[in-house]
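*Asks:* This note's numbering applies: residue 394 is where the sequence shown begins, and numbers increase by one.
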Amino acid sequence: KGAGTPFVNEISRRYARGVAWMFGADLETIPHVSQFDDKAKFFGADNARFVFVEQRAINGVEENEGSLIFAGPRKGVASWIAAPGSSGSAEYVTSDAVFAFSAATRNPKQIFDEVQAMFGSELINDIESRVGMTISGDLAASLGTDFTMAVETPSVPIPGWILAYEAYRPDQITATFKRLADAYNASLSPEEAGRKLTYKTENENGRAWHSLSIGGQMLGLHWTFDRGYWLLGMEKGTLARAIQTRSGGFPLIRSEAFRSQTPSLAGAHSSGFLWMNLAGAAQVPGLNEYVKVNEPSLLTFTGESERIQAASRTRIAGV
Numbered sequence: 394k395g396a397g398t399p400f401v402n403e404i405s406r407r408y409a410r411g412v413a414w415m416f417g418a419d420l421e422t423i424p425h426v427s428q429f430d431d432k433a434k435f436f437g438a439d440n441a442r443f444v445f446v447e448q449r450a451i452n453g454v455e456e457n458e459g460s461l462i463f464a465g466p467r468k469g470v471a472s473w474i475a476a477p478g479s480s481g482s483a484e485y486v487t488s489d490a491v492f493a494f495s496a497a498t499r500n501p502k503q504i505f506d507e508v509q510a511m512f513g514s515e516l517i518n519d520i521e522s523r524v525g526m527t528i529s530g531d532l533a534a535s536l537g538t539d540f541t542m543a544v545e546t547p548s549v550p551i552p553g554w555i556l557a558y559e560a561y562r563p564d565q566i567t568a569t570f571k572r573l574a575d576a577y578n579a580s581l582s583p584e585e586a587g588r589k590l591t592y593k594t595e596n597e598n599g600r601a602w603h604s605l606s607i608g609g610q611m612l613g614l615h616w617t618f619d620r621g622y623w624l625l626g627m628e629k630g631t632l633a634r635a636i637q638t639r640s641g642g643f644p645l646i647r648s649e650a651f652r653s654q655t656p657s658l659a660g661a662h663s664s665g666f667l668w669m670n671l672a673g674a675a676q677v678p679g680l681n682e683y684v685k686v687n688e689p690s691l692l693t694f695t696g697e698s699e700r701i702q703a704a705s706r707t708r709i710a711g712v
């Protein structure tokens, strides 16, 4: 294309700030792009305009960046990523975490309603009629827009994981889980009594802990609420450690390892990140033969009005 076109202007901006190598594509010139079916439009692909992948050195540090630029405001799944902001949910993840995914999203109820409208609601309606609740109104509407999931210990066969999700209505979330357990138990035959779900609640030092287990086994689902967040995991001890981390411990996002891997594009805040530090997993029997990476990797992503950008200091070959 000739000089002065939007695509060429995007290329010029990248060269102006420095680039070692770059790949760019004008998606609007690809014939099939305008012929998306409804499911592809659901992902917002019909609105995609340009894509860029590039590498540059900033202060002697290699950075990789990918950008997806849209012709107007993001739509569909592409619009689910919210604008950059601070993440309270990430404060629960310790600096020892081997994996973490954190994101700021649009309203969960709106996302669930869009998914249900696209892929149908027959199964959802059947579940809701059996349980006597609505997933959209009772569960999704009780959640906020900030969440983080992390694997704290790479144990086998069940790793120590946590989910921290912003919660507006804690009592409604717990009531929904109790209804699900009651409906599941009611569906069991007498011969399946050993598979019943048992709900428990207990108070420790003024904090309510909830759990669901099958057949009264120790291993089950545990959750509690802390400072506006729903903390969920398989081990109560892992959740207690997460609370201590936010109360004054050493969270991942403030560790030197995390900061040293943070690309300049991320700035003070991003819309989310993906963190992997598999060095600890390499010591676990059953995993050590698969894990060869000794350095941590961080990928940040940022949602703007008409673009999504991802960046990392990890070498592409290393990934």
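Quick reminder that beta carbons are idealized off the backbone N, C-alpha and C, glycines included.
Excluding sequence positions up to five away, which residues of its chain have a Cβ less than 6 Å from the Cβ of Lys593?
*Replies:* So the list reads Ser604, once near-sequence residues are dropped.
*Asks:* Do you know whose CA, among Arg652, Thr707, Arg706 and Ser698, lies nearest Ile474's CA?
*Replies:* Closest by alpha carbon: Ser698.
*Asks:* Starting from Ser606, follow the beta strand (DSSP E) in both directions and report where the run begins and ends.
*Replies:* First-last of the beta strand (DSSP E) with Ser606: Arg600 to Ile607.
*Asks:* Excluding the 5 residues flanking Arg634 on each side, which residues of the same chain have their C-beta closer than 7 Å to its C-beta?
*Replies:* Once the five neighbours on either side are set aside, the close Cβ partners of Arg634 are Thr487.
*Asks:* Helix, strand or coil, according to DSSP, for Gly469 in the structure here?
*Replies:* Note: Gly469 maps to helix in three-state DSSP.
*Asks:* Give the straight-line distance between the Cα atoms of Thr538 and Glu584, rounded to the nearest whole angstrom.
*Replies:* C-alpha separation (whole angstroms): 42 Å.
*Asks:* In the DSSP output, which residue or residues are listed as bridge partners for Arg449?
*Replies:* Glu456, per the DSSP bridge assignment.
*Asks:* Using a Cβ-Cβ cut-off of 8 Å (strictly less than) and excluding sequence neighbours within five positions of Glu643, which residues of its own chain qualify?
*Replies:* Residue 643 is actually Phe in this sequence, not Glu. Contacts found: Thr487 and Ser488.
*Asks:* I'd like to check one pair, Leu461 with Val444: are the Cβ atoms closer than 8 Å?
*Replies:* In contact: Val444 and Leu461 (Cβ atoms closer than 8 Å).
*Asks:* Between which two residues does the alpha helix (DSSP H) containing Lys571 stretch?
*Replies:* Segment Pro563 to Ala579, the alpha helix (DSSP H) holding Lys571.
*Asks:* Determine the DSSP secondary structure at Phe436, reduced to helix, strand or coil.
*Replies:* Coil, per DSSP.
*Asks:* Taking Asn518 as part of the beta strand (DSSP E), name the residues at either end of that continuous run.
*Replies:* Taken as a continuous stretch (DSSP letters only), Asn518 belongs to no beta strand (DSSP E), being part of the alpha helix (DSSP H) at Glu515 to Val524.
*Asks:* Give a yes or no on contact between the segment 636-656 and the segment 478-485, applying the rule of three or more CB pairs nearer than 8 Å.
*Replies:* Yes, the segment 636-656 is in contact with the segment 478-485.
*Asks:* Go ahead and pull the three-state DSSP assignment for Lys629.
*Replies:* Reduced to three states, the DSSP call for Lys629 is helix.
*Asks:* Spell out the partners DSSP gives Phe540 in its beta bridges.
*Replies:* In DSSP, Phe540 forms a bridge with Ala496 and Tyr558.
*Asks:* Tell me which same chain residues have a C-beta within less than 6 Å of the C-beta of Ser606, skipping the five on either side of it?
*Replies:* Within the same chain, Ser606 has close Cβ partners Thr591 and Gly613.
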